[in-house]
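Notes to accompany the following structure.
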Amino acid sequence: MKILVTGGLGFIGSHTVVELQNKGFNVIIIDDCSNADEKVLEGIKSISGKMPEFEKIDLKEKDKVEDFFKRHEDVKGVIHFAASKAVGESVQEPLKYYENNIGTLVYILKELSKKNNANFIFSSSCTVYGQADEMPITESAPVKTAESPYGNTKQMGEEIIFDTCKVNADLKAISLRYFNPMGAHPSAKIGELPIGVPQNLVPFITQTGAGLRDELSVFGDDYPTSDGTCIRDYIHVVDLAKAHVVALTRLLEDKNESNYEVFNVGTGTGSSVLEVIASFEKASGKKLNYKIVARRAGDIISAYADTTKANTILGWKAESTLDEAMQSAWDWEKKIRKIQD
Ligand code: UD1
Numbered sequence: 010m011k012i013l014v015t016g017g018l019g020f021i022g023s024h025t026v027v028e029l030q031n032k033g034f035n036v037i038i039i040d041d042c043s044n045a046d047e048k049v050l051e052g053i054k055s056i057s058g059k060m061p062e063f064e065k066i067d068l069k070e071k072d073k074v075e076d077f078f079k080r081h082e083d084v085k086g087v088i089h090f091a092a093s094k095a096v097g098e099s100v101q102e103p104l105k106y107y108e109n110n111i112g113t114l115v116y117i118l119k120e121l122s123k124k125n126n127a128n129f130i131f132s133s134s135c136t137v138y139g140q141a142d143e144m145p146i147t148e149s150a151p152v153k154t155a156e157s158p159y160g161n162t163k164q165m166g167e168e169i170i171f172d173t174c175k176v177n178a179d180l181k182a183i184s185l186r187y188f189n190p191m192g193a194h195p196s197a198k199i200g201e202l203p204i205g206v207p208q209n210l211v212p213f214i215t216q217t218g219a220g221l222r223d224e225l226s227v228f229g230d231d232y233p234t235s236d237g238t239c240i241r242d243y244i245h246v247v248d249l250a251k252a253h254v255v256a257l258t259r260l261l262e263d264k265n266e267s268n269y270e271v272f273n274v275g276t277g278t279g280s281s282v283l284e285v286i287a288s289f290e291k292a293s294g295k296k297l298n299y300k301i302v303a304r305r306a307g308d309i310i311s312a313y314a315d316t317t318k319a320n321t322i323l324g325w326k327a328e329s330t331l332d333e334a335m336q337s338a339w340d341w342e343k344k345i346r347k348i349q350d
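Heads up: the sequence shown begins at 10 in the working numbering, then just goes up one per residue.
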C-alpha cells in the first residue's frame, strides 16, 4: 500500500518513513530539500533495507501537486510534515509561514477531496494549547491565541482540516499534537540536522557537548516549578513516528469514530530543563557548560500531555524514557561530528 510522506527527509518525517516501511508500507516522499538533505534517503535505506521513492517537489507549486496526485492515484494515505518550523523566523516573516504551511495544506486537501477515500495525518503541536490552565493537558483543553505565526499555522491548519472533513465524508483525518520531539534512530543513521544555531533545547545541548557551542543558556530559573526551570514533555522521535503509523492504520482500517480526530502525542511526564541537562550528563559522561540567563519571551511555564486518549483509543504509548531518548540524541551527535568515546 502506497503512502505519501511530505517532508519525509526531515527529522520526524524520516523516522516515520522507516516505521512505515517496517510495517510493510511502500513510501513515496515529497520534499523540497529546503531544510533537509537528499542523503537522508541513504540513511533510511540502510535502516529499513528499502529505498523509498522520492520526488523533489515544492508543494507551493499548485500545478505540481495536482500533477503528482494524477500520476500517483494509488496513494492511499498522506502524512503531511512539510512545513516551516522556526518560531522566531515566523514572527519576522509571517507570510512565508502562511504560504508554506497553509497554502500547501490547502493544495493537498484539494487533491484529496477529489478521491473517494482519502486518509490524512497532520503534524500539529501542543503549541495550540499555549499555557494550559491544567496539567496534564487533555485534548479538550481550550486552544489559546497563538503566540507566533508558526503556532497560528498549526491552529489554522487544524481548523481547515476540520472544516473540510465536515463537508467531505470521504476524507478522514487525524491531527497529532506533538509535545517536544527529541532523539534519533538508535542506529544513529538518521537524526535531527538543525540548520544554523539550534533554537530547541536538546540539539543545543548536544551541540554544546560536542564543542560546537560554548555554553547553553538556560532561560530562567525563577519559574514556579520544582527547580525553577520550565517543564516540557520530551518524546523520543521513534515513539512519535510510531504514533503516525498507528494513527494512519486506524484510518485505513476505518476504525475512526468520526472523520476528524485529534490526539496528543507525548509521554505524559514533564521534565525540567535542569533534568534534561542531567540526563545529557548521564548519557555522555560529561559536565555540560551552562549558565542561567533571563527568561525567553513567549515561553510557557509548563506543558505535558495527558496521553489517555492516545493510549486507550489509538492503543499507542510512548516506550522510551528521557534517558533513552537523550542517549540516542548524543549517539547521533557523536556520529555526525565524528567524536570517538
Ligand atoms: C518550541 C516552540 C514551539 C514548537 C516547539 C517544537 C518557542 C517559544 N516554542 O517549544 O512553538 O512547537 O519548539 O519543538 O520557541 N531552553 C533553554 N535554552 C535553550 C533552548 C531552550 O533553556 O537554548 C528551554 C526553553 O526555555 C524551554 C525548554 O528549554 O523551557 C524547551 O525549549 P524548546 O526546545 O525551544 O521547546 P519549546 O519552547 O517547548
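Beta carbons: idealized from backbone N, C-alpha and C, even for Gly. Values in this document were obtained by computation on a predicted structure and should not be read as measured data.
Original post:
What residues in its chain sit with their C-beta under 7 Å from that of residue 57, if we drop five residues either side in the sequence?
Top reply: 27, 30 and 31
**OP:** Under 6 Å Cβ to Cβ from residue 71, same chain only, skipping five residues before and after it: list those, please.
**Re:** 116
Subject >> Closer than 8 Å to chain C by CB, residue 86 >> reply: Reference to chain C is not applicable here, since this structure consists of a single protein chain.
Original post:
Name the DSSP bridge partner or partners of residue 373?
Top reply: With the chain covering only 10 through 350, there is no way to say anything about residue 373.
Original post:
Under the three-state reduction of DSSP, which class applies to residue 324: helix, strand or coil?
Top reply: coil
Original post:
So what's residue 292 in DSSP terms, helix, strand or just coil?
Top reply: helix
**OP:** Could you tell me which uninterrupted beta strand (DSSP E) segments, each at least 3 residues in length, are contained entirely in the segment 148-207, listed from first to last along the chain?
**Re:** Those beta strand (DSSP E) runs which fall completely within the segment 148-207 and span 3+ residues are 180-187 and 189-191.
Subject >> Proximity winner among 299, 297, 148 and 24, relative to residue 315 (alpha-carbon distances) >> reply: 148
Original post:
Any chance the segment 99-109 sits against the segment 224-234, with 3 or more Cβ pairs inside 8 Å?
Top reply: The segment 99-109 is not in contact with the segment 224-234.
**OP:** Evaluate the contact criterion for the segment 197-212 versus the segment 41-54: three or more CB pairs, one atom per stretch, below 8 Å.
**Re:** yes
**OP:** At 4 residues or longer, and completely inside the segment 33-98: list those alpha helix (DSSP H) runs for me, N to C.
**Re:** 49-57 and 71-80
Original post:
Are residue 39 and residue 249 touching if we call contact CB-CB under 8 Å?
Top reply: no
Original post:
Measuring CB to CB, does residue 255 end up less than 8 Å from residue 323?
Top reply: yes
Original post:
Leaving out the 5 sequence neighbours to the left and right, which residues in its chain are closer than 8 Å to residue 219 when beta-carbon positions are compared?
Top reply: Only 342, 343, 346 and 348 meet the Cβ criterion.
Original post:
If you draw a straight line from the alpha carbon of residue 377 to that of residue 223, how long is it in whole angstroms?
Top reply: Here the chain comprises residues numbered 10 to 350, so residue 377 is not present and cannot be evaluated.
Original post:
Helix or strand or just coil, what does DSSP make of residue 306?
Top reply: DSSP places residue 306 outside both helix and strand once states are collapsed to three, so it counts as coil.
Subject >> Endpoints, alpha helix (DSSP H) assigned at residue 23 >> reply: 20-31
Original post:
So, is residue 60 buried or exposed, given that buried needs 16 or more other C-beta atoms within 10 angstroms?
Top reply: exposed
**OP:** With distances taken Cα to Cα, identify the nearest neighbour of residue 335 among 145, 100, 194 and 161.
**Re:** 194
Original post:
At a cut-off of 7 Å, is residue 282 close to the ligand UD1 when judged by its beta-carbon and the heavy atoms of the ligand?
Top reply: yes
Subject >> Secondary structure, beta strand (DSSP E): runs of 3+ residues fully inside the segment 216-284 >> reply: 225-228, 243-245 and 269-274
**OP:** Per DSSP, which residues does residue 299 bridge with? Please list them.
**Re:** 225
Subject >> From 332, 134, 229 and 277, residue whose alpha carbon lies closest to that of residue 271 >> reply: 134
**OP:** Would you kindly work out how many angstroms separate the C-alpha atoms of residue 206 and residue 43, rounded to a whole number?
**Re:** 16 Å
Original post:
Any idea what DSSP makes of residue 311, helix, strand or coil?
Top reply: Residue 311 falls in the strand class under three-state DSSP.
**OP:** Measure the alpha-carbon distance for residue 162 versus residue 155 and round it to whole angstroms.
**Re:** 9 Å
Original post:
At what residues does the alpha helix (DSSP H) containing residue 113 begin and finish?
Top reply: 113-121
Original post:
Counting pairs of Cβ atoms below 8 Å between the segment 238-245 and the segment 185-194, do you hit three or more?
Top reply: yes
Original post:
Run through DSSP, which three-state label would residue 330 get?
Top reply: coil
Subject >> Through-space distance from residue 300 to residue 63, alpha-carbon basis >> reply: 43 Å
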